[in-house]
Amino acid sequence: MESKQFAAFDEELFYLLTDHFGDKWNHVWDAEDDGFYLRLMVHGQPKMWADDEPETADHGSDDELVLSDYEKGYLTAFYETDAHIQNEHSGRDEDNDWYGIQVGERMFDLCVWKDDDMEHEVCVVYECFLNDGGFWNTNTDRQWYLKEASK
């Protein structure tokens with residue numbers, strides 16, 4: 073990545089994260105042999121979402137995952153800024169790619185793939201639960217479409 077492009081991306085990232093998290097975050101860029109990586113740390117829950125309650129079931133269908141605005145913002149920022157997700161974007165095919173992320177006390181899986189015409193990316197969020205063996209299981213009964221294919 074050229075330094076001008078990197079600087080422009082870093083500036084865009086700064087505004088996106090500031091919009092979602094105020095001043096309650098920091099990030100560090102790391103470079104390894106196979107690319108650049110972003111480490112994002114959000115410090116506590118921003119005041120604007122402190123009293124935010126999850127949406128009730130009447131705001132969506134019975135199979136829609138109930139998320140607070142804070143969780144939606146966090147998941148969206150992760151999807152839009154995670155180096156692995158963005159690096160794999162251009163080479164993604166119809167196979168599913170999975171990315172795990174914890175937001176507060178909840179764990180989520182993001183499932184990302186290209187739609188049937190291979191032109192539009194889709195991202196669906198599922199909640200995960202810890203099983204008796206200490207491993208995370210993805211519950212696909214409820215989902216939230218973070219990014220849907222264009223109609």
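For what it's worth, my numbering labels the leading residue of the sequence shown as 73, then goes sequentially. Every residue gets a Cβ at the ideal spot worked out from N, C-alpha and C, and that includes glycine.
Whole-angstrom C-beta distance between residue j and residue i, which should lie under 8 Å
i	j	result
residue 226	residue 152	There is simply no residue 226 to check, as the chain begins at 73 and stops at 223 in what is shown.
Bridge partners - residue i, DSSP secondary structure assignment
i	result
residue 178	175
residue 136	215
residue 199	180 and 211
residue 186	193
residue 204	DSSP lists no partner for residue 204.
residue 169	184
7 Å Cβ cutoff met for residue i and residue j
i	j	result
residue 215	residue 196	yes
residue 199	residue 180	yes
Between the CA atoms of residue j and residue i - distance to the nearest angstrom
i	j	result
residue 182	residue 207	17 Å
residue 191	residue 168	15 Å
residue 98	residue 76	21 Å
residue 131	residue 143	Because the pLDDT at residue 131 is just 46, under 50, the model does not fix this residue reliably, and the value given afterwards should be weighed accordingly. Whole-angstrom Cα-Cα distance: 16 Å.
residue 219	residue 94	23 Å
residue 202	residue 147	19 Å
residue 91	residue 112	15 Å
residue 209	residue 185	20 Å
residue 134	residue 86	36 Å
residue 83	residue 141	24 Å
Residue of the options minimising C-alpha distance to residue i
i	options	result
residue 217	205, 139 and 79	139
residue 212	170, 193 and 187	170
residue 103	155, 219 and 84	155
residue 79	176, 210 and 101	101
residue 145	114, 186 and 157	114
residue 110	184, 186, 149 and 176	149
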